[in-house]
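Report on one structure; see the data block that follows.
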Amino acid sequence: MKNKKSYTITEIRDKLTAYCAYQDRCHWEVENKMKDYYLAPEAEDDIMLYLMRENFLNEERFAESFARGKFYQKSWGRNKIKIELKRKKITPRLIEQALKQIDANDYYKTMEKLIEKKISTLNEPDSYKKKQKVIRYMLQKGYEYELIKAHLEE
Numbered sequence: 004m005k006n007k008k009s010y011t012i013t014e015i016r017d018k019l020t021a022y023c024a025y026q027d028r029c030h031w032e033v034e035n036k037m038k039d040y041y042l043a044p045e046a047e048d049d050i051m052l053y054l055m056r057e058n059f060l061n062e063e064r065f066a067e068s069f070a071r072g073k074f075y076q077k078s079w080g081r082n083k084i085k086i087e088l089k090r091k092k093i094t095p096r097l098i099e100q101a102l103k104q105i106d107a108n109d110y111y112k113t114m115e116k117l118i119e120k121k122i123s124t125l126n127e128p129d130s131y132k133k134k135q136k137v138i139r140y141m142l143q144k145g146y147e148y149e150l151i152k153a154h155l156e157e
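Residues in the sequence shown are numbered consecutively from 4, following the numbering used here.
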């Protein structure tokens, strides 16, 4: 059995404050992190309120920075970002708002770049199979089928 160190509520609050200060977090992530400390529900509520009141925890800011980061750093498409935000229990309204952080021109240019890069790496003589591989790759990255198809038919 592991030795469990016990912490005071203040120490736990400080640890969670640092956790949130390091990187934007959503409520779901903080709630999961709190499970490590076996807190009473009232203590959890107090800590959550403190983090929100002191602006360490802001669901809107989290969703927006998550969407921007995953698109601009990892080139994820809207569908993949939406799925991941849903998994983190973000509300549909905030998800839609977060997706608006992605510039439409940047989105299309990134999609085009990814498609061209993927095509250049494929050693597939059959154009139909090549197209299918590109479509599968782009769907996995979270891009919309209609946009992919439209670009490939240009």
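Even for Gly, the Cβ is constructed at its ideal location relative to N, Cα and C.
Can you tell me which of the three DSSP states C23 falls into?
The sequence position of residue 23 within the sequence shown is 20, counting from 1. In the structure shown, C23 sits in a helix (DSSP, three-state: H, G or I).
Going by CA-CA distance only, name the one from R64, T11, R71 that's closest to T94.
One-based indexing of the sequence shown puts residue 94 at position 91. Among R64, T11, R71, the Cα nearest to that of T94 belongs to R64.
Compare the C-alpha of K8 against each of D27, C23, D39 and name the closest.
Counted from its first residue, the sequence shown places residue 8 at position 5. It is D39.
Three-state secondary structure (DSSP) at G80?
Counted from its first residue, the sequence shown places residue 80 at position 77. G80 falls in the coil class under three-state DSSP.
Would A70 pass as a contact of L19 if the rule is Cβ separation under 9 Å?
Taking the first residue of the sequence shown as position 1, residue 70 is located at position 67. Taking the first residue of the sequence shown as position 1, residue 19 is located at position 16. The answer is no: Cβ separation not under 9 Å.
What is the DSSP secondary structure of A153, reduced to helix, strand or coil?
Translated into the one-based positions of the sequence shown, residue 153 becomes position 150. A153: helix per DSSP, three-state reduction.
So, with DSSP's three-state summary, where would you put N108?
Translated into the one-based positions of the sequence shown, residue 108 becomes position 105. Of the three classes helix, strand and coil, the one that applies to N108 here is helix, per DSSP.
Assign A107 to one of two classes, buried (16 or more other C-beta atoms within 10 Å of its C-beta) or exposed (fewer than that).
Sequence index remark: in the sequence shown, residue 107 carries index 104 (1-based). By the 10 Å Cβ count, A107 comes out exposed.
Could you give the residue range of the alpha helix (DSSP H) that holds A130?
For the purposes of this step, residue 130 is taken as the residue at position 127 of the sequence shown. The sequence shown places Ser at residue 130, rather than the Ala named in the question. From DSSP, the alpha helix (DSSP H) with S130 extends over 130-143.
If we ignore side chains and look at the alpha-carbon of each, how far apart do C23 and K83 end up?
Here residue 23 corresponds to residue number 20 of the sequence shown, with the count starting at 1. Here residue 83 corresponds to residue number 80 of the sequence shown, with the count starting at 1. Their backbone Cα atoms lie some 24 Å apart in a straight line.
When the Cα atoms are used, what is the spatial distance from L52 to I98?
In the sequence shown, counting from the first residue as 1, residue 52 sits at position 49. In the sequence shown, counting from the first residue as 1, residue 98 sits at position 95. The straight-line gap from Cα to Cα measures roughly 22 Å.
Could you give the DSSP three-state label for K92: helix, strand or coil?
Walking along the sequence shown from the start, residue 92 turns up at place 89. In this structure, K92 counts as coil in the three-state DSSP scheme.
Taking the alpha carbon of M55 as the reference point, which residue from I12, S130, C29, T124 has its own alpha carbon closest?
The residue given as residue 55 occupies position 52 in the sequence shown. Of the candidates I12, S130, C29, T124, the one whose C-alpha sits nearest the C-alpha of M55 is C29.
Please classify E62 as buried or exposed, where buried requires at least 16 neighbouring CB atoms within 10 angstroms.
Along the sequence shown, read from residue 1 onward, the residue named residue 62 stands at position 59. When all chains shown are included, E62 counts as buried.
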